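*Asks:*
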Amino acid sequence: MLKQYGGWVIKLINKKKLKNDYTKFEQKLSLRIFLIAIGTGIGISVIISLITGKFGNAVVAFLQRNYFLDYEDAITIYQYTLRNNKVLIIALVGIIGFWVMMRVFISFMTRYFDEISQGLDDLMDKADKDIILSPEMSFLQVRLNECKYILKQREQDAKLAEQRKNDLVVYLAHDIKTPLTSVIGYLSLLEEAPDMPAKQKAKYVKITLDKANRLEKLINEFFEITRYNLQNIVLEKEDIDLYYMLIQLTDEFYPLLEPYGKKAVIYAEENIVLYGDSEKLARVFNNILKNAITYSLDNTVIHITAKLQEDRIIITFQNSGKTIPKEKLNSIFEKFFRLDDARVTNTGGAGLGLAIAKEIVTLHGGSIYAESENGTTTFTVTLPVNK
45 MLKQYGGWVI KLINKKKLKN DYTKFEQKLS LRIFLIAIGT GIGISVIISL ITGKFGNAVV
105 AFLQRNYFLD YEDAITIYQY TLRNNKVLII ALVGIIGFWV MMRVFISFMT RYFDEISQGL
165 DDLMDKADKD IILSPEMSFL QVRLNECKYI LKQREQDAKL AEQRKNDLVV YLAHDIKTPL
225 TSVIGYLSLL EEAPDMPAKQ KAKYVKITLD KANRLEKLIN EFFEITRYNL QNIVLEKEDI
285 DLYYMLIQLT DEFYPLLEPY GKKAVIYAEE NIVLYGDSEK LARVFNNILK NAITYSLDNT
345 VIHITAKLQE DRIIITFQNS GKTIPKEKLN SIFEKFFRLD DARVTNTGGA GLGLAIAKEI
405 VTLHGGSIYA ESENGTTTFT VTLPVNK
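The sequence shown begins at 45 in my numbering and counts up by one.
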């Protein structure tokens with residue numbers, strides 16, 4: 045029973061390792077071996093028939109006709125040279141025949157090696173064409189194409205990472221330089237006008253302090269996202285009263301909500317117990333709610349729900365505001381990303397809040413995604429129940 049108080053979709057797929065299908069290759073190989081055996085057998089049979097059948101009579105006749113031997117002498121020569129050595133001749137012919145057949149078989153197999161070699165060359169080729177092998181090598185063709193896709197994906201990821209590093213330099217220059225320039229500017233004014241009226245001096249000092257505090261906040265955010273990227277964060281897990289945490293969270297944000305007529309309403313079961321790092325999960329919900337407040341319309345309600353679904357706890361934050369374009373929706377959890385019209389000093393930090401939230405949720409074995417349609421944006425956090 046729920047009680048009222050007050051995308052980019054990441055889909056995880058458990059992909060089982062597929063077993064290679066060697067059926068066609070085994071059939072082709074078996075057929076070749078069978079043909080070699082049949083060919084060798086036929087060759088031996090032909091030799092036996094030649095030695096013992098009409099071939100023998102032809103040999104005797106040949107000796108009589110060309111060497112002027114009588115029948116008895118020709119028979120004797122035939123017996124001693126061919127018939128008595130029949131086993132040796134058959135063995136010799138069999139060996140030669142088997143060697144010839146094996147050469148044919150080896151030539152057949154090396155064709156596959158040539159195909160594999162060509163496939164490896166195509167694997168390193170940057171062209172988008174698929175690797176194509178013989179039908180019986182389809183199992184290897186599939187694997188090679190998978191490898192090519194993975195290599196290409198990694199190359200694209202590397203380029204994207206390099207681009208993000210370049211963006212980082214730009215964002216650092218923008219987000220740090222802006223408040224730093226203001227601090228230097230106002231301090232210069234104070235230095236150049238020592239007899240400035242006290243009221244104006246106090247105003248400049250306050251502005252300078254605000255800018256300095258913002259600069260400190262930005263630097264802290266940069267350090268924090270770096271710590272999460274190192275993946276050496278130790279989670280201090282404990283049982284958490286999720287309902288109480290959300291109540292406390294909305295109370296803390298009341299000063300940001302009230303001036304603009306905004307409200308945060310919680311729909312949650314009071315007995316939901318979440319197992320995790322309370323400090324870090326509070327940071328997750330804090331970042332999401334802060335984002336919802338920043339980009340929601342005045343005089344609207346931010347809906348926060350929490351429910352237990354099988355072995356998962358699902359927490360959602362829904363606000364009314366400008367629809368996030370799909371092409372930008374896929375990037376909101378990336379570091380240093382903010383909507384273009386929001387990269388101004390008075391709307392937020394360096395665009396690290398949601399990136400930090402995603403890192404923390406991932407460390408807890410959960411997932412986070414966002415949806416935005418028809419002026420309604422929803423952030424969904426899914427966390428495991430089991431300890």
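Beta carbons: idealized from backbone N, C-alpha and C, even for Gly.
Note that this is a predicted model, so its numbers are computed, not measured.
Taking the alpha carbon of P428 as the reference point, which residue from E236, L301 and R356 has its own alpha carbon closest?
*Replies:* R356
*Asks:* For L164, which residues in the same chain have their Cβ closer than 8 Å to its Cβ, ignoring the five residues on either side in sequence?
*Replies:* Contacts found: L188.
*Asks:* Using a 10 Å radius around the Cβ and a threshold of 16 neighbouring Cβ atoms, would you call I175 buried or exposed?
*Replies:* The residue in question, I175, is buried, as its Cβ has 16 or more Cβ neighbours within 10 Å.
*Asks:* Please classify A246 as buried or exposed, where buried requires at least 16 neighbouring CB atoms within 10 angstroms.
*Replies:* exposed
*Asks:* Following the continuous beta strand (DSSP E) through F27, name the residue where it begins and the one where it ends.
*Replies:* For the chain, the structure presents residues 45 to 431; residue 27 sits outside this window and is missing.
*Asks:* Which complete alpha helix (DSSP H) runs does the stretch 260 to 313 hold, if anything under 4 residues is left out?
*Replies:* 286 to 296 and 298 to 301
*Asks:* To the nearest angstrom, report how far apart Y319 and V328 are at their CA atoms.
*Replies:* 14 Å
*Asks:* In angstroms, rounded to a whole number, what distance separates the CA positions of V317 and I284?
*Replies:* Cα-Cα distance, rounded: 5 Å.
*Asks:* In the DSSP assignment, the beta strand (DSSP E) including I346 goes from what residue to what residue?
*Replies:* For I346, the enclosing beta strand (DSSP E) starts and ends at V345 to Q353.
*Asks:* In chain order, what are the residue ranges of uninterrupted beta strand (DSSP E) at least 3 long that sit wholly in the stretch 218 to 250?
*Replies:* Within the stretch 218 to 250, no complete beta strand (DSSP E) run reaches 3 residues.
*Asks:* Beta-carbon within less than 8 Å of L20's beta-carbon, same chain only, minus the 5 sequence neighbours each way: which residues are those?
*Replies:* Here the chain covers residues 45 to 431 and nothing more, so residue 20 does not appear.
*Asks:* Can you give me the Cβ contacts of K221 inside the same chain, cut-off strictly under 6 Å, excluding the 5 residues immediately before and after it?
*Replies:* none
*Asks:* Would P223 pass as a contact of K255 if the rule is Cβ separation under 7 Å?
*Replies:* yes
*Asks:* So what does DSSP say about I357, is it helix, strand or coil?
*Replies:* strand
*Asks:* How about T424 and I368: do their beta carbons lie closer than 7 Å?
*Replies:* Result no, Cβ atoms of T424 and I368 do not sit closer than 7 Å.
*Asks:* Give the DSSP bridge partners of I412, in chain order.
*Replies:* The bridge partners DSSP lists for I412 are V425.
*Asks:* According to the neighbour-count rule (16 or more other Cβ atoms, all chains shown, within 10 Å of its Cβ), is T252 buried or exposed?
*Replies:* buried
*Asks:* Cα separation between Y413 and T406?
*Replies:* 11 Å
*Asks:* Taking the DSSP output, what are the residues bridged to L318?
*Replies:* Bridge partners of L318 according to DSSP: I284.
*Asks:* Who are the Cβ neighbours of K192 in its own chain at under 6 Å, not counting the five residues just before and after it?
*Replies:* Same-chain partners within the cutoff: L167.
*Asks:* Let me make sure I understand the geometry here. Which of I376, R147 and D321 has the alpha-carbon closest to that of E280?
*Replies:* D321
*Asks:* Going by alpha carbons, who is nearest to F377 out of E403, L352 and I359?
*Replies:* E403
*Asks:* Using the Cα positions of L136 and V90, report the straight-line distance between them to the nearest angstrom.
*Replies:* 14 Å
*Asks:* Nearest by alpha-carbon distance to E180: which of P303, E70, T84 and L300 is it?
*Replies:* E70
*Asks:* Identify which residue in L132, M153 and E260 has its Cα closest to the Cα of I77.
*Replies:* Of the listed residues, the one whose Cα sits closest to I77 is M153.
*Asks:* Ignore the nearest five residues each way along the sequence and tell me which others in L300's own chain have a CB closer than 6 Å to its CB.
*Replies:* I337
*Asks:* To the nearest angstrom, report how far apart R147 and K196 are at their CA atoms.
*Replies:* 39 Å
*Asks:* Who are S364's beta bridge partners in DSSP?
*Replies:* T420
*Asks:* Please classify S340: does DSSP put it in a helix, a strand, or coil?
*Replies:* Residue state for S340 is assigned as strand, using DSSP reduced to three classes.
*Asks:* Select from L107, W143, G365 and Q244 the residue whose C-alpha is nearest the C-alpha of N343.
*Replies:* Taking each of L107, W143, G365 and Q244 in turn and checking the Cα distance to N343, the smallest one comes out for G365.
*Asks:* Compare the Cα-Cα distances from G85 to each of K170, T426 and I140 and report the closest residue.
*Replies:* It is I140 whose Cα lies nearest to the Cα of G85.
*Asks:* Does the beta-carbon distance from L177 to E190 come in below 7 Å?
*Replies:* For the pair L177 and E190, the CB atoms are not nearer than the 7 Å cut-off.
*Asks:* On a CA-only basis, which of L290, E354 and N363 is nearest N330? Give me that one, please.
*Replies:* L290
*Asks:* Given this structure, state the Cα-to-Cα distance separating I82 from I121, to the nearest angstrom.
*Replies:* 33 Å
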